[in-house]
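Below is one structure; the comments refer to it alone.
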């Protein structure tokens, strides 16, 4: 009795446990299918449910036969069905053992496009693209599910309208208590968007890789943690001369000079890049053919998500030209500084020399005419030298941005007359009649600098217009004054007209006409600093007309 | 403005300029003394009769024109001594306008200007 009783008690307990497990399993299934199990993947949850069901089967197998007929929770079953039906994010449907659709939910209708009444009873291969059907994929999937319990796949599937979507598919085999296959549950999700995003990322990475590989002006390559070359781009091949198949795997110190290698400089660079994240320097590097170039190098240490050091990227640019340019700029700067100092230093003894000569000229006895003439020639040479030194100083002042304008009221017609007077003797010697047509004009300018421009133009006209009259016109034009200096001399070709306002340019030959070729450049700088313009009209052999236009009020 | 008895003092740190100016002025009959910088000049002034005229170089070391004038103007004994600035600066007018200089000699020095200043302030010996 007692044994029977105990057996009965055991059976009851087992049955109770089985009921509890069944309830838990069902509830889990409801929640899983309704998507209310948090972040647990549905498949994982359903697998747990499967495990629970297996446990129930084990418990009840050993128990009373009646235990198996204990009423199921029909109300729950109904609710489960309703839940599954209403899920829209997942297509959840049953297949019979042959693969024909046996049930259909709202998600399936939404995702696959078929209504329940048009799909139930149809073979599920209708969801597959023709090429997959040809390869018998649908039946293979069922075979796998039947053999292993479950089949998982991601692939293209067809909608009713023929459109394709990227599907995440789980097929779970259903078995009865005797382990007989009763059908399949198929859960399908449309993950096209997810796939597109992943694909976009992959393409973006691929594009980036292709781009890096295609960059020609920069050598971009990767080093492993020890400095062995791990990747190579077109720019690297172009710059260093190695093909990727001959350089990958080599140590990057191959690009360095023997001295750099001996003092372990490449290793030092990596050490600093790793310690500081980034290392930059400039220095000589060597190509495959042994020639060297001046490189700008940036080494960046690479770390993975966990902070482990995984290597370096190295970007190398050829700065040979940049370096040359920098050196040239430095040379120009040194030259300009030298000109400024030299100008000042040369001028002082020249001042003393001229003073001595001019003083001697005064004191030559009355019978010393020839001596006086020669001293005067010496003084003229000295004055020419002084003028050249003055130009040299102007150039260094202008290039250093130290041209300073001091504005004052100027009767510019009077100034032109003064300058013309200064040139009267030279003009007479050149056989040039100076013809002045001057309107009275008053404005605000730097008197000394405007004097310099007028002197330069009249001086040039007398120099290049030998034997012909030189005309100087001045008139007011609105809020500007316009000065024109017209000669009838050798003229200037169209090409040369572009150049004469540049430094050290001259249209005429150096032999016949002296000077630095700086006068017009200096004049242009002065005119432009006064917010004016200077230009020339000329034809070879027919003289030249220089026109200066200055605003009356040059002050800013 | 009147011509005064006494020597002309030239203060310039460049030997060639100093000599050229001295030679030139002496040839015209003036008595000339020289000093090679502002400090030298102050020493000279304290041990000699006041000069009739001073030619003062702008840029000198160890004591330049401005530093020299600061000392020079403090002493009432020199209040009547005219000073002419020697400078290479194109903008010398502005320097002269704002101080007690009688005028300026621009480098390269023109004989006419040099003699004009000399004859205006000093009498040949």
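Chains as they are written, first to last, in this note's numbering: chain L, 1 to 556; chain U, 1 to 125.
Even glycine gets a Cβ: it sits at the ideal position worked out from N, Cα and C.
With a 10 Å radius around the Cβ and a threshold of 16 neighbouring Cβ atoms, residue 66 of chain U comes out exposed. Counting only Cβ-Cβ distances below 8 Å, residue 60 of chain U has no contacts in chain L at all, with the closest Cβ about 12 Å away. Under the DSSP assignment, residue 439 of chain L falls outside any beta strand (DSSP E); it carries neither an H nor an E label. Residue pairing by DSSP places residue 311 of chain L opposite L/302 in a beta bridge. Looking at L/489, L/425, L/405, L/357, the one whose alpha-carbon comes closest to that of residue 379 of chain L is L/357.
Given a length threshold of 3 residues, each whole run of the beta strand (DSSP E) inside the stretch 75-136 of chain L is given here in chain order: 90-95.
Sorting L/275, L/269, L/290, L/276 by C-alpha distance to the C-alpha of residue 282 of chain L places L/269 at the top.
For residue 500 of chain L, the number of other beta carbons within 10 angstroms of its own is at least 16, and it is reported as buried.
Boundaries for residue 186 of chain L: no alpha helix (DSSP H) harbours it, while the beta strand (DSSP E) harbouring it runs 181-190, taken from the DSSP string. Of the other Cβ atoms in all chains shown, 16 or more fall within 10 Å of the Cβ of residue 138 of chain L; this residue is therefore buried. Interface annotation, residue 349 of chain L: in contact with chain U, CB-CB separation under 9 Å.
By the 16-neighbour rule on beta-carbons within 10 angstroms, residue 168 of chain L is buried. Residues of the stretch 348-376 of chain L with a C-beta less than 8 Å from any C-beta of chain U: 348, 349, 350, 351, 352, 353, 354, 355, 356, 358, 359, 362, 363, listed in chain order. Contact with chain U is absent for residue 473 of chain L, since none of that chain's Cβ atoms lies less than 9 Å from the residue's Cβ. According to the DSSP secondary-structure assignment, residue 538 of chain L is paired through a beta bridge with L/544.
If you draw a straight line from the Cα of residue 130 of chain L to the Cα of residue 222 of chain L, it is about 45 Å long. Secondary structure note for residue 478 of chain L: it is in no beta strand (DSSP E), with a DSSP letter that is neither H nor E.
In this structure, DSSP gives residue 158 of chain L an extended state, which the three-state scheme calls strand. An exposed status is given to residue 275 of chain L, since fewer than 16 other beta-carbon atoms sit within 10 Å of its beta-carbon. Exclusion of the five residues before and after residue 488 of chain L leaves 465, 468, 543 as the residues of its chain whose Cβ lies within less than 6 Å of its Cβ. Taking a Cβ-Cβ cut-off of 7 Å, residue 9 of chain U has no neighbours in chain L, whose nearest Cβ is about 17 Å from it. Interface annotation, residue 124 of chain U: not in contact with chain L, CB-CB separation never under 9 Å. Fewer than three beta-carbon pairs drawn from the stretch 228-239 of chain L and the stretch 183-190 of chain L are found closer than 8 Å, and the two stretches are therefore not classed as touching.
For residue 462 of chain L, the number of other beta carbons within 10 angstroms of its own is at least 16, and it is reported as buried. In the displayed model, residue 16 of chain U falls within a helix according to three-state DSSP. By the Cβ-count criterion, residue 432 of chain L is buried, with 16 or more other Cβ atoms from all chains shown falling within 10 Å of its own Cβ.
Around the beta-carbon of residue 307 of chain L, fewer than 16 other beta-carbon atoms lie within 10 Å, marking it exposed. Against residue 53 of chain U, chain L offers no close residue; the least beta-carbon distance is about 17 Å (beta-carbon pairs closer than 8 Å). Cβ contact annotation for residue 35 of chain U (same chain, cutoff 7 Å, sequence separation greater than five): 9, 11, 41, 44, in chain order. In the structure shown, residue 83 of chain U falls within a strand segment according to DSSP collapsed to helix, strand and coil.
Less than 9 Å divides the Cβ of residue 526 of chain L from the Cβ of residue 446 of chain L. Taking C-beta atoms as the reference points, residue 400 of chain L and residue 328 of chain L fail to come closer than 9 Å. DSSP, reduced to helix, strand and coil, places residue 297 of chain L within a strand of the structure shown. Contact between residue 198 of chain L and residue 165 of chain L does not hold, since the beta-carbon distance rounds to 15 Å and is not under 8 Å. The Cβ atoms of residue 102 of chain U and residue 124 of chain U lie no closer than 9 Å to each other.
Identification of chain L residues near residue 24 of chain U by a Cβ-Cβ cut-off of 7 Å yields 355, 359, ordered along the chain.
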